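In the numbering used here, the protein residues as written are 7 to 341.
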């Protein structure tokens with residue numbers, strides 16, 4: 007493929023890739039962008055203080071559309087925010103350094119962007135790819151080809167698999183700056199919090215056909231390095247919205263069940279690796295209908311010796327933000 011020259015006019019898309027220690031995967035990510043059928047884009051890679059050769063891999067690309075910015079490590083939110091600042095386009099598509107797109111990814115996003123120009127974001131479904139190469143759709147409960155996400159349906163869908171995932175979404179640059187970008191200093195759930203804050207100011211368009219691939223072979227996944235917390239930052243964002251909208255009782259119920267998955271994930275981790283009594287206390291205090299069976303199962307299994315629980319225990323139902331993170335909590339923060 008011949009490299010397209012850098013246009014004087016801003017590109018239709020700025021593709022922002024936060025990068026931290028992804029020497030083994032970053033070429034796969036960039037190559038998947040360069041192979042797009044829709045070629046009007048730039049790639050802004052923000053190397054967040056990588057300690058491996060990730061930045062050198064990026065610097066080796068001769069295509070002028072690939073721009074590399076290096077900075078001291080500040081976390082994935084700081085890296086994404088810097089990418090948004092550097093973006094020349096008013097539409098920013100995000101891609102994590104260890105994920106990849108199908109060739110029609112940007113074309114599909116542009117069609118959605120054209121059909122719904124007033125939306126704040128446009129999101130595609132995605133595949134979670136395990137280490138053996140098996141693919142599972144991130145969202146399976148949406149049957150319509152395209153859905154306009156609002157607080158009235160987002161949380162009901164998200165408790166079965168979050169419909170907005172950081173490698174599968176494009177956002178209005180103005181809108182994401184309006185909500186303050188990604189929250190700095192948050193290791194898990196920072197992406198979900200950002201999508202929810204966008205949701206609270208406008209419509210997000212969701213296409214149920216999977217587009218990108220979330221790869222489970224990343225070198226530096228946040229969920230491997232950090233335990234799921236008892237409370238995520240988006241709990242506060244959600245609860246503030248509920249207080250401002252006391253009439254939205256169904257949204258509040260759906261939101262609470264969405265939060266319950268993360269409570270179960272925290273309890274599961276505590277029982278498996280930390281304080282079994284604390285994990286059981288979380289399970290006993292959790293009031294859930296959607297995850298009632300899982301709650302009972304984990305309570306029964308928590309009576310096993312910890313070594314046996316570690317061998318047998320895993321969450322059956324897992325909303326993904328990836329999760330996102332295939333089998334547990336949902337963030338794609340990876341630096």
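Here a beta-carbon is modelled for each residue, glycine too, at the ideal position from N, C-alpha and C. Since the structure is predicted, the reported quantities are computational estimates derived from the model, not experimental observations.
Check                                                                                                                             : Outcome
Inter-residue Cα distance where the pair is residue 121 and residue 288                                                           : 44 Å
Boundaries of the beta strand (DSSP E) in which residue 217 is found, first to last residue                                       : 210-221
Residue 184, DSSP secondary structure in three states                                                                             : helix
DSSP beta-bridge partners of residue 176                                                                                          : 99, 128
Sheet register partners of residue 152 (DSSP bridge)                                                                              : 213
Collapsed DSSP secondary structure at residue 243 in the structure displayed                                                      : helix
Rounded separation between residue 52 and residue 273 - CA only                                                                   : 35 Å
Nearest-angstrom Cα separation, counted from residue 293 out to residue 301                                                       : 9 Å
For residue 309, three-class secondary structure by DSSP                                                                          : coil
Cutoff 6 Å; reference residue 201; Cβ partners in own chain excluding five residues on either side                                : 170
Beta-carbon gap between residue 214 and residue 131 smaller than 8 Å                                                              : yes
Whether residue 188 touches residue 86 by CB criterion (8 Å)                                                                      : yes
Cβ contact check for the segment 138-148 and the segment 241-258: 3 or more pairs under 8 Å                                       : no
Same chain, Cβ closer than 6 Å to residue 216, neighbours up to 5 away in sequence not counted                                    : 131, 132, 133, 143
Which of helix, strand or coil DSSP assigns to residue 19                                                                         : strand
C-beta contact flag for residue 157 and residue 50 at 8 Å                                                                         : no
Chain-order list of residues whose beta-carbon lies under 6 Å from that of residue 173 (same chain, five-residue window excluded) : 101, 102, 105, 218
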